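Counting in numbering that gives the first Met the number 0, the sequence shown runs without a single skipped number right up to 418 at its last residue. Glycine included, every Cβ here is placed at the ideal spot set by N, Cα and C. These numbers come from a predicted model, not from an experiment. Remarks on the structure that follows.
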Amino acid sequence: MEHLQNLEIEQQILALTIQNKSYFEKIEDLTKAEHFSIPFYQKIFEKITETRKTTNSDDSILVFLTQYFNDEERQAIILIIGKISSLANIRDYAFSLIELYQKRETLKAMQDFQNDIIEKKYDFATSELLDKIAKLDIENQDNVKISTLEEIEKEIQDEASEELHLSTGFKKLDEVLNGGLKKGNLTVLGARPAVGKTSWGQQVILDIAKQGKVCLFASLEVNNRQVYDKFVSINKSIPAWKIARKRLNQAEIADYDKSKKELKEINDFIFVVDAPQSIKQIELMVKRHIAKRKLDLLVVDYIQIVKREYSKNISEATAIKEITTGLKDIAKKYNIAVLGLAQINREGVNGKEPTMNDLKGSGGIEEDADCIILLHRPVDDKGILQQTGSFKIVKNRWGATRNIDFSFNGEITTFFEDL
(Lines of atoms letter the chains of each structure in order from A and count residues from 1; the text may use other names and numbers.)
(Lines give C-alpha, C1' and ligand atoms only; values in the text may rest on other atoms or scores of the structure.)
Protein backbone atom coordinates (compact mmCIF):
# COMPACT_ATOMS: atom_id res chain seq x y z
CA MET A 1 0.00 0.00 0.00
CA GLU A 2 2.91 2.36 -0.66
CA HIS A 3 0.66 4.62 -2.75
CA LEU A 4 -1.40 5.18 0.44
CA GLN A 5 1.61 6.36 2.45
CA ASN A 6 3.23 9.77 2.70
CA LEU A 7 6.44 9.34 4.65
CA GLU A 8 7.36 13.01 4.29
CA ILE A 9 4.18 14.04 6.13
CA GLU A 10 4.72 11.37 8.82
CA GLN A 11 8.32 12.52 9.35
CA GLN A 12 7.28 16.19 9.56
CA ILE A 13 4.68 15.41 12.24
CA LEU A 14 7.20 13.42 14.27
CA ALA A 15 9.93 16.06 13.93
CA LEU A 16 7.66 18.96 14.82
CA THR A 17 6.12 17.27 17.85
CA ILE A 18 9.61 16.35 19.13
CA GLN A 19 10.82 19.91 18.65
CA ASN A 20 8.01 21.84 20.32
CA LYS A 21 5.14 20.93 22.64
CA SER A 22 2.88 23.54 21.03
CA TYR A 23 2.93 21.49 17.80
CA PHE A 24 1.91 18.38 19.74
CA GLU A 25 -0.94 20.27 21.41
CA LYS A 26 -2.27 21.32 18.00
CA ILE A 27 -2.79 17.71 16.93
CA GLU A 28 -3.19 15.68 20.11
CA ASP A 29 -6.98 15.75 19.59
CA LEU A 30 -6.47 14.30 16.09
CA THR A 31 -3.53 11.98 15.90
CA LYS A 32 -3.03 8.43 17.15
CA ALA A 33 -0.01 6.19 16.77
CA GLU A 34 -2.00 3.77 14.58
CA HIS A 35 -2.45 6.49 11.96
CA PHE A 36 1.23 6.14 11.01
CA SER A 37 1.96 3.56 8.33
CA ILE A 38 5.25 2.20 9.71
CA PRO A 39 5.51 0.38 13.08
CA PHE A 40 8.71 2.27 13.94
CA TYR A 41 6.93 5.61 13.43
CA GLN A 42 4.01 4.33 15.51
CA LYS A 43 6.42 3.52 18.33
CA ILE A 44 8.02 6.97 18.13
CA PHE A 45 4.68 8.75 18.32
CA GLU A 46 3.55 6.57 21.25
CA LYS A 47 6.63 7.69 23.20
CA ILE A 48 6.18 11.33 22.15
CA THR A 49 2.59 11.23 23.41
CA GLU A 50 3.61 9.53 26.64
CA THR A 51 6.38 12.06 27.32
CA ARG A 52 4.49 15.16 26.21
CA LYS A 53 1.64 14.44 28.60
CA THR A 54 3.99 14.29 31.58
CA THR A 55 6.36 17.21 30.91
CA ASN A 56 6.25 20.79 29.66
CA SER A 57 9.95 20.93 28.79
CA ASP A 58 11.01 20.72 25.15
CA ASP A 59 14.49 19.61 26.22
CA SER A 60 13.30 16.58 28.19
CA ILE A 61 11.51 15.13 25.16
CA LEU A 62 14.91 14.18 23.75
CA VAL A 63 15.58 12.03 26.79
CA PHE A 64 13.25 9.37 25.42
CA LEU A 65 15.71 8.81 22.58
CA THR A 66 18.13 7.14 24.99
CA GLN A 67 15.47 5.49 27.14
CA TYR A 68 13.40 3.68 24.55
CA PHE A 69 15.47 3.28 21.37
CA ASN A 70 18.70 1.56 20.38
CA ASP A 71 21.62 3.24 18.61
CA GLU A 72 20.36 2.49 15.09
CA GLU A 73 16.87 3.77 15.91
CA ARG A 74 18.27 6.93 17.52
CA GLN A 75 20.23 7.71 14.36
CA ALA A 76 17.06 7.28 12.30
CA ILE A 77 15.20 9.69 14.60
CA ILE A 78 18.00 12.25 14.33
CA LEU A 79 17.70 12.07 10.52
CA ILE A 80 13.93 12.64 10.80
CA ILE A 81 14.50 15.72 13.01
CA GLY A 82 16.99 17.02 10.44
CA LYS A 83 14.22 17.19 7.82
CA ILE A 84 12.04 19.49 9.92
CA SER A 85 10.16 22.40 8.34
CA SER A 86 8.65 24.70 10.97
CA LEU A 87 6.70 26.43 8.21
CA ALA A 88 4.33 23.50 7.86
CA ASN A 89 0.71 23.63 8.97
CA ILE A 90 0.79 20.62 11.26
CA ARG A 91 -3.01 20.23 11.55
CA ASP A 92 -3.28 19.97 7.78
CA TYR A 93 -0.55 17.33 7.88
CA ALA A 94 -2.50 15.49 10.58
CA PHE A 95 -5.69 15.50 8.49
CA SER A 96 -3.73 14.14 5.50
CA LEU A 97 -2.21 11.45 7.73
CA ILE A 98 -5.65 10.39 8.95
CA GLU A 99 -7.14 10.35 5.46
CA LEU A 100 -4.41 8.02 4.23
CA TYR A 101 -4.95 5.80 7.30
CA GLN A 102 -8.67 5.65 6.55
CA LYS A 103 -7.97 4.68 2.95
CA ARG A 104 -5.58 1.91 4.02
CA GLU A 105 -8.09 0.57 6.54
CA THR A 106 -10.92 0.75 4.01
CA LEU A 107 -8.83 -1.18 1.48
CA LYS A 108 -8.08 -3.83 4.12
CA ALA A 109 -11.80 -4.04 4.94
CA MET A 110 -12.59 -4.54 1.25
CA GLN A 111 -9.98 -7.29 0.99
CA ASP A 112 -11.45 -9.02 4.07
CA PHE A 113 -14.89 -8.68 2.52
CA GLN A 114 -13.75 -10.46 -0.63
CA ASN A 115 -12.80 -13.46 1.50
CA ASP A 116 -15.81 -13.24 3.81
CA ILE A 117 -18.36 -13.07 1.00
CA ILE A 118 -17.29 -16.54 -0.10
CA GLU A 119 -17.22 -18.16 3.34
CA LYS A 120 -19.95 -16.27 5.22
CA LYS A 121 -23.55 -15.34 4.63
CA TYR A 122 -24.08 -12.24 2.50
CA ASP A 123 -25.86 -10.25 5.22
CA PHE A 124 -23.17 -11.03 7.78
CA ALA A 125 -20.27 -10.23 5.46
CA THR A 126 -21.76 -6.92 4.25
CA SER A 127 -22.74 -5.96 7.80
CA GLU A 128 -19.14 -6.42 8.97
CA LEU A 129 -17.85 -4.32 6.07
CA LEU A 130 -20.30 -1.51 6.77
CA ASP A 131 -19.48 -1.58 10.49
CA LYS A 132 -15.77 -1.20 9.79
CA ILE A 133 -16.34 1.73 7.43
CA ALA A 134 -18.78 3.33 9.88
CA LYS A 135 -16.13 3.21 12.62
CA LEU A 136 -13.71 5.02 10.33
CA ASP A 137 -16.35 7.68 9.61
CA ILE A 138 -17.01 8.14 13.33
CA GLU A 139 -13.29 8.54 13.94
CA ASN A 140 -13.22 11.25 11.30
CA GLN A 141 -16.11 13.05 13.03
CA ASP A 142 -14.26 12.74 16.35
CA ASN A 143 -11.40 14.68 14.77
CA VAL A 144 -13.45 17.87 14.52
CA LYS A 145 -11.77 20.41 16.75
CA ILE A 146 -13.95 22.23 19.29
CA SER A 147 -12.10 25.31 20.50
CA THR A 148 -12.48 27.29 23.70
CA LEU A 149 -12.37 31.10 23.54
CA GLU A 150 -8.95 30.94 25.18
CA GLU A 151 -7.67 28.63 22.44
CA ILE A 152 -9.08 30.91 19.75
CA GLU A 153 -7.37 33.89 21.38
CA LYS A 154 -4.06 31.97 21.40
CA GLU A 155 -4.48 31.17 17.69
CA ILE A 156 -5.10 34.87 17.01
CA GLN A 157 -1.95 35.77 18.96
CA ASP A 158 0.03 33.19 16.99
CA GLU A 159 -1.31 34.69 13.76
CA ALA A 160 -0.39 38.18 14.95
CA SER A 161 3.25 37.09 15.23
CA GLU A 162 3.16 35.72 11.68
CA GLU A 163 3.29 37.86 8.56
CA LEU A 164 -0.16 37.26 7.07
CA HIS A 165 -0.14 39.83 4.25
CA LEU A 166 2.02 39.96 1.13
CA SER A 167 2.62 43.45 -0.23
CA THR A 168 1.73 43.71 -3.92
CA GLY A 169 4.07 46.64 -4.49
CA PHE A 170 1.12 48.95 -5.08
CA LYS A 171 0.93 51.14 -1.98
CA LYS A 172 -2.64 52.42 -2.30
CA LEU A 173 -3.94 48.99 -3.24
CA ASP A 174 -2.18 47.43 -0.24
CA GLU A 175 -3.76 50.03 2.06
CA VAL A 176 -7.26 49.11 0.90
CA LEU A 177 -6.41 45.40 1.27
CA ASN A 178 -5.12 46.04 4.82
CA GLY A 179 -1.56 45.11 3.86
CA GLY A 180 -1.78 43.20 0.60
CA LEU A 181 -2.73 39.68 -0.45
CA LYS A 182 -3.77 37.80 2.70
CA LYS A 183 -2.70 34.24 3.48
CA GLY A 184 -5.64 31.85 3.72
CA ASN A 185 -7.62 34.01 1.30
CA LEU A 186 -8.57 33.84 -2.37
CA THR A 187 -8.13 37.10 -4.29
CA VAL A 188 -9.42 37.31 -7.87
CA LEU A 189 -8.22 39.83 -10.42
CA GLY A 190 -10.50 40.04 -13.45
CA ALA A 191 -9.88 41.74 -16.78
CA ARG A 192 -10.91 41.45 -20.37
CA PRO A 193 -8.38 40.11 -22.92
CA ALA A 194 -5.27 42.24 -23.65
CA VAL A 195 -5.76 44.58 -20.67
CA GLY A 196 -2.71 43.11 -18.92
CA LYS A 197 -3.87 40.72 -16.19
CA THR A 198 -0.97 38.29 -16.77
CA SER A 199 1.54 41.15 -16.78
CA TRP A 200 0.07 42.47 -13.53
CA GLY A 201 0.19 39.00 -11.98
CA GLN A 202 3.86 38.57 -12.89
CA GLN A 203 4.68 42.07 -11.67
CA VAL A 204 3.16 41.21 -8.29
CA ILE A 205 4.98 37.84 -8.17
CA LEU A 206 8.30 39.55 -8.89
CA ASP A 207 7.76 42.17 -6.19
CA ILE A 208 6.71 39.60 -3.58
CA ALA A 209 9.63 37.29 -4.45
CA LYS A 210 12.05 40.19 -3.90
CA GLN A 211 10.65 40.40 -0.36
CA GLY A 212 11.92 36.85 0.25
CA LYS A 213 8.50 35.22 -0.17
CA VAL A 214 8.08 32.03 -2.19
CA CYS A 215 5.70 32.19 -5.16
CA LEU A 216 4.32 29.42 -7.36
CA PHE A 217 2.97 30.52 -10.75
CA ALA A 218 0.58 28.13 -12.48
CA SER A 219 0.82 29.62 -15.96
CA LEU A 220 -1.91 27.77 -17.82
CA GLU A 221 -2.10 30.16 -20.77
CA VAL A 222 1.52 30.91 -21.75
CA ASN A 223 4.65 28.75 -21.78
CA ASN A 224 7.77 28.95 -19.62
CA ARG A 225 9.80 30.88 -22.21
CA GLN A 226 7.17 33.62 -22.44
CA VAL A 227 6.89 33.74 -18.64
CA TYR A 228 10.66 34.06 -18.26
CA ASP A 229 10.97 36.77 -20.92
CA LYS A 230 8.18 38.74 -19.22
CA PHE A 231 9.98 38.57 -15.86
CA VAL A 232 13.20 39.77 -17.51
CA SER A 233 11.29 42.60 -19.21
CA ILE A 234 9.44 43.77 -16.10
CA ASN A 235 12.49 43.54 -13.84
CA LYS A 236 14.57 46.07 -15.82
CA SER A 237 11.88 47.87 -17.85
CA ILE A 238 13.01 46.34 -21.15
CA PRO A 239 10.48 46.38 -24.04
CA ALA A 240 9.03 42.86 -24.12
CA TRP A 241 8.57 42.87 -27.89
CA LYS A 242 12.29 43.62 -28.37
CA ILE A 243 13.22 40.61 -26.25
CA ALA A 244 10.84 38.39 -28.23
CA ARG A 245 12.16 39.61 -31.59
CA LYS A 246 15.79 39.90 -30.46
CA ARG A 247 15.94 43.59 -31.39
CA LEU A 248 17.79 44.87 -28.30
CA ASN A 249 20.30 47.72 -28.66
CA GLN A 250 23.59 47.74 -26.73
CA ALA A 251 22.15 49.49 -23.65
CA GLU A 252 19.18 47.12 -23.59
CA ILE A 253 21.48 44.09 -23.94
CA ALA A 254 23.37 45.29 -20.85
CA ASP A 255 20.07 45.70 -18.96
CA TYR A 256 18.96 42.28 -20.21
CA ASP A 257 22.09 40.64 -18.77
CA LYS A 258 21.65 42.53 -15.48
CA SER A 259 18.02 41.48 -15.29
CA LYS A 260 18.86 37.81 -15.80
CA LYS A 261 21.56 38.04 -13.11
CA GLU A 262 19.09 39.57 -10.64
CA LEU A 263 16.52 36.88 -11.42
CA LYS A 264 19.13 34.23 -10.60
CA GLU A 265 19.51 35.80 -7.17
CA ILE A 266 15.81 35.26 -6.43
CA ASN A 267 15.72 31.90 -8.20
CA ASP A 268 14.72 30.09 -4.99
CA PHE A 269 11.63 32.29 -4.58
CA ILE A 270 9.83 31.84 -7.92
CA PHE A 271 8.57 28.53 -9.30
CA VAL A 272 6.65 28.14 -12.56
CA VAL A 273 4.57 25.37 -14.10
CA ASP A 274 3.12 25.89 -17.58
CA ALA A 275 1.29 22.58 -18.13
CA PRO A 276 -2.53 22.40 -18.19
CA GLN A 277 -3.67 21.59 -14.65
CA SER A 278 -6.90 20.52 -12.97
CA ILE A 279 -7.77 21.83 -9.51
CA LYS A 280 -6.76 18.47 -8.00
CA GLN A 281 -3.43 18.58 -9.81
CA ILE A 282 -2.85 22.15 -8.63
CA GLU A 283 -3.46 21.09 -5.02
CA LEU A 284 -1.15 18.10 -5.40
CA MET A 285 1.51 20.41 -6.82
CA VAL A 286 1.11 22.76 -3.83
CA LYS A 287 1.24 19.85 -1.36
CA ARG A 288 4.44 18.44 -2.91
CA HIS A 289 6.02 21.89 -2.91
CA ILE A 290 5.19 22.55 0.75
CA ALA A 291 6.55 19.13 1.76
CA LYS A 292 10.00 20.31 0.62
CA ARG A 293 9.97 24.06 1.23
CA LYS A 294 7.69 26.89 2.31
CA LEU A 295 5.14 28.56 0.04
CA ASP A 296 3.57 31.99 0.47
CA LEU A 297 1.69 32.70 -2.77
CA LEU A 298 0.00 30.69 -5.52
CA VAL A 299 -1.00 32.54 -8.71
CA VAL A 300 -3.27 30.80 -11.24
CA ASP A 301 -3.49 32.24 -14.74
CA TYR A 302 -6.34 31.91 -15.37
CA ILE A 303 -9.36 30.47 -13.54
CA GLN A 304 -11.59 29.73 -16.52
CA ILE A 305 -9.00 27.53 -18.26
CA VAL A 306 -8.20 25.31 -15.30
CA LYS A 307 -8.60 21.79 -16.67
CA ARG A 308 -11.91 20.13 -15.80
CA GLU A 309 -12.25 16.62 -14.40
CA TYR A 310 -16.00 16.31 -14.39
CA SER A 311 -18.76 15.58 -16.90
CA LYS A 312 -18.92 17.69 -20.04
CA ASN A 313 -22.64 18.06 -19.41
CA ILE A 314 -22.02 20.30 -16.40
CA SER A 315 -22.70 24.02 -16.92
CA GLU A 316 -19.80 26.46 -17.19
CA ALA A 317 -21.03 28.33 -14.10
CA THR A 318 -21.02 25.12 -12.04
CA ALA A 319 -17.60 24.15 -13.38
CA ILE A 320 -16.08 27.50 -12.44
CA LYS A 321 -17.73 27.33 -9.02
CA GLU A 322 -15.96 24.02 -8.36
CA ILE A 323 -12.65 25.59 -9.41
CA THR A 324 -13.02 28.68 -7.21
CA THR A 325 -14.12 26.54 -4.27
CA GLY A 326 -11.03 24.39 -4.82
CA LEU A 327 -8.74 27.43 -4.89
CA LYS A 328 -10.36 28.79 -1.73
CA ASP A 329 -9.84 25.43 -0.02
CA ILE A 330 -6.16 25.41 -1.06
CA ALA A 331 -5.68 28.89 0.42
CA LYS A 332 -7.21 27.87 3.76
CA LYS A 333 -5.77 24.36 3.97
CA TYR A 334 -2.17 25.35 3.27
CA ASN A 335 -2.36 28.88 4.74
CA ILE A 336 -1.11 30.57 1.59
CA ALA A 337 -2.35 33.55 -0.39
CA VAL A 338 -4.02 32.50 -3.64
CA LEU A 339 -4.39 34.95 -6.52
CA GLY A 340 -6.64 33.77 -9.32
CA LEU A 341 -6.63 35.72 -12.57
CA ALA A 342 -9.97 35.67 -14.37
CA GLN A 343 -11.39 36.50 -17.78
CA ILE A 344 -14.21 38.99 -18.31
CA ASN A 345 -16.91 38.14 -20.85
CA ARG A 346 -16.09 39.79 -24.14
CA GLU A 347 -19.71 40.68 -24.79
CA GLY A 348 -19.91 42.30 -21.36
CA VAL A 349 -17.26 44.96 -21.96
CA ASN A 350 -17.32 47.12 -25.10
CA GLY A 351 -15.12 49.69 -23.40
CA LYS A 352 -17.43 50.21 -20.43
CA GLU A 353 -16.34 49.73 -16.86
CA PRO A 354 -16.70 46.04 -15.92
CA THR A 355 -18.74 44.73 -13.02
CA MET A 356 -18.63 41.44 -11.13
CA ASN A 357 -21.45 40.19 -13.35
CA ASP A 358 -19.13 40.47 -16.35
CA LEU A 359 -16.79 37.79 -14.95
CA LYS A 360 -17.20 34.41 -16.59
CA GLY A 361 -18.83 32.21 -13.94
CA SER A 362 -19.37 35.28 -11.78
CA GLY A 363 -21.62 33.50 -9.26
CA GLY A 364 -18.96 31.10 -8.01
CA ILE A 365 -16.22 33.73 -8.09
CA GLU A 366 -18.35 36.24 -6.18
CA GLU A 367 -19.24 33.64 -3.54
CA ASP A 368 -15.78 32.15 -2.95
CA ALA A 369 -13.42 35.09 -3.41
CA ASP A 370 -12.48 37.12 -0.34
CA CYS A 371 -11.47 40.00 -2.57
CA ILE A 372 -12.28 40.81 -6.21
CA ILE A 373 -10.34 43.40 -8.19
CA LEU A 374 -11.35 44.37 -11.71
CA LEU A 375 -8.62 45.74 -13.94
CA HIS A 376 -10.10 48.37 -16.26
CA ARG A 377 -8.55 50.32 -19.12
CA PRO A 378 -11.00 52.30 -21.24
CA VAL A 379 -10.84 52.42 -25.04
CA ASP A 380 -10.92 55.50 -27.25
CA ASP A 381 -13.27 56.17 -30.19
CA LYS A 382 -11.13 53.93 -32.38
CA GLY A 383 -11.34 51.04 -29.94
CA ILE A 384 -7.72 51.39 -28.79
CA LEU A 385 -6.92 50.62 -25.16
CA GLN A 386 -5.78 53.64 -23.18
CA GLN A 387 -2.61 53.73 -21.09
CA THR A 388 -4.52 54.77 -17.99
CA GLY A 389 -7.11 52.91 -15.99
CA SER A 390 -8.17 51.81 -12.52
CA PHE A 391 -8.15 48.93 -10.10
CA LYS A 392 -11.82 48.54 -9.19
CA ILE A 393 -12.01 46.77 -5.82
CA VAL A 394 -15.60 45.54 -6.03
CA LYS A 395 -15.49 43.03 -3.16
CA ASN A 396 -13.35 43.21 -0.06
CA ARG A 397 -14.28 40.95 2.82
CA TRP A 398 -11.87 42.72 5.14
CA GLY A 399 -12.19 46.35 4.12
CA ALA A 400 -13.53 49.01 1.81
CA THR A 401 -14.33 48.93 -1.90
CA ARG A 402 -12.66 51.63 -3.94
CA ASN A 403 -11.21 52.62 -7.32
CA ILE A 404 -7.46 53.25 -7.57
CA ASP A 405 -6.03 54.92 -10.69
CA PHE A 406 -3.00 53.59 -12.51
CA SER A 407 -1.02 54.14 -15.69
CA PHE A 408 0.26 51.37 -17.93
CA ASN A 409 3.40 51.37 -20.05
CA GLY A 410 2.68 48.97 -22.89
CA GLU A 411 6.30 48.97 -24.07
CA ILE A 412 7.50 47.37 -20.86
CA THR A 413 4.08 45.87 -19.90
CA THR A 414 4.28 47.45 -16.45
CA PHE A 415 1.67 49.11 -14.23
CA PHE A 416 2.33 52.23 -12.17
CA GLU A 417 0.06 53.43 -9.39
CA ASP A 418 -0.88 57.10 -9.74
CA LEU A 419 0.34 59.11 -6.75
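Identify, in the order they occur along the chain, each residue of the same chain with its Cβ nearer than 6 Å to the Cβ of residue i, setting aside the five sequence neighbours on each side.
i           : result
residue 268 : 208, 213
residue 412 : 198, 239
residue 16  : 22, 23, 47
residue 36  : 4
residue 395 : 370
residue 365 : 355
residue 320 : 363
residue 203 : 167
residue 410 : 238
residue 7   : 290
residue 384 : 376, 378
residue 263 : none
residue 325 : 278
Pull up the CB-CB distance for residue i and residue j, whole angstroms please, since I reckon it's below 8 Å.
i           : j           : result
residue 190 : residue 374 : 4 Å
residue 115 : residue 104 : About 16 Å; that fails the 8 Å criterion.
residue 177 : residue 336 : Between residue 336 and residue 177 the Cβ distance is about 13 Å, and since that is not below 8 Å, they are no contact.
residue 216 : residue 298 : 5 Å
residue 332 : residue 367 : Actually they do not touch by this definition, with Cβ atoms about 14 Å apart.
residue 339 : residue 187 : 5 Å
residue 80  : residue 14  : 5 Å
residue 405 : residue 388 : 6 Å
residue 25  : residue 51  : Actually they are not in contact, since the Cβ atoms of residue 25 and residue 51 sit about 12 Å apart, beyond 8 Å.
residue 436 : residue 300 : The chain is shown only over 0 to 418; residue 436 falls outside these bounds and no answer can be derived.
residue 386 : residue 414 : That pair is no contact at about 10 Å.
Please classify residue i: does DSSP put it in a helix, a strand, or coil?
i           : result
residue 120 : coil
residue 400 : coil
residue 217 : strand
residue 409 : coil
residue 339 : strand
residue 395 : strand
residue 162 : coil
residue 416 : strand
residue 265 : coil
residue 169 : coil
Please classify residue i: is it buried, with 16 or more other beta-carbons within 10 angstroms of its beta-carbon, or exposed?
i           : result
residue 30  : buried
residue 117 : exposed
residue 334 : buried
residue 140 : For residue 140, the pLDDT reaches just 49, beneath the cut-off of 50, and the residue's location in the model is therefore unreliable, leaving the point undetermined.
residue 130 : exposed
residue 106 : exposed
residue 283 : exposed
residue 99  : buried
residue 77  : exposed
residue 258 : buried
residue 53  : exposed
residue 330 : buried
residue 250 : exposed
residue 123 : exposed
residue 34  : buried
residue 229 : buried
residue 302 : buried
residue 341 : buried
Suppose the cutoff is 7 Å on Cβ atoms and the five residues either side in sequence are ignored; what does the same chain contact list for residue i look like?
i           : result
residue 344 : 357, 359
residue 304 : 219, 220
residue 306 : 275, 276, 277
residue 135 : 101, 104, 105
residue 223 : 271, 273
For residue i, which residues from the same chain have a beta carbon less than 8 Å from its beta carbon, with the 5 sequence-adjacent residues on both sides left out?
i           : result
residue 393 : 354, 355, 371, 372, 373, 400
residue 160 : Any reading at residue 160 must be qualified, since the residue scores a pLDDT of 49, below 50, and its modelled position is unreliable; no value is offered.
residue 255 : 231, 235, 237, 242, 247
residue 270 : 213, 214, 215, 216, 288
residue 421 : The structure shown has nothing for residue 421, since the chain only spans 0 to 418.
residue 174 : none
residue 398 : 175, 176, 177
residue 295 : 165, 182, 207, 212, 213, 214, 335, 336
residue 416 : 169, 170, 171, 172, 403, 404, 405
residue 9   : 35, 36, 37, 40, 96
Threshold first: 4 residues or longer. Then list the alpha helix (DSSP H) segments lying entirely within the stretch 291-336, N to C.
List check, alpha helix (DSSP H) in window: 315-333.
What are the start and end residues of each continuous alpha helix (DSSP H) run of 4 or more residues lying completely inside the stretch 3-62, in chain order?
Listed in chain order, the complete alpha helix (DSSP H) runs (minimum 4 residues) inside the stretch 3-62 are 6-18, 20-26, 38-51.
What are the complete alpha helix (DSSP H) segments, minimum 4 residues, inside the stretch 65-107?
The stretch 65-107 contains these whole alpha helix (DSSP H) runs: 70-81.
Taking only runs that begin and end inside the stretch 355-388, name each unbroken alpha helix (DSSP H) of 4 or more residues, in chain order.
For the stretch 355-388, whole alpha helix (DSSP H) runs of length 4 or above, ordered along the chain, are 361-367.
Any beta strand (DSSP E) of 3 or more consecutive residues that is wholly inside the stretch 179-236:
185-190, 214-218, all fully within the stretch 179-236.
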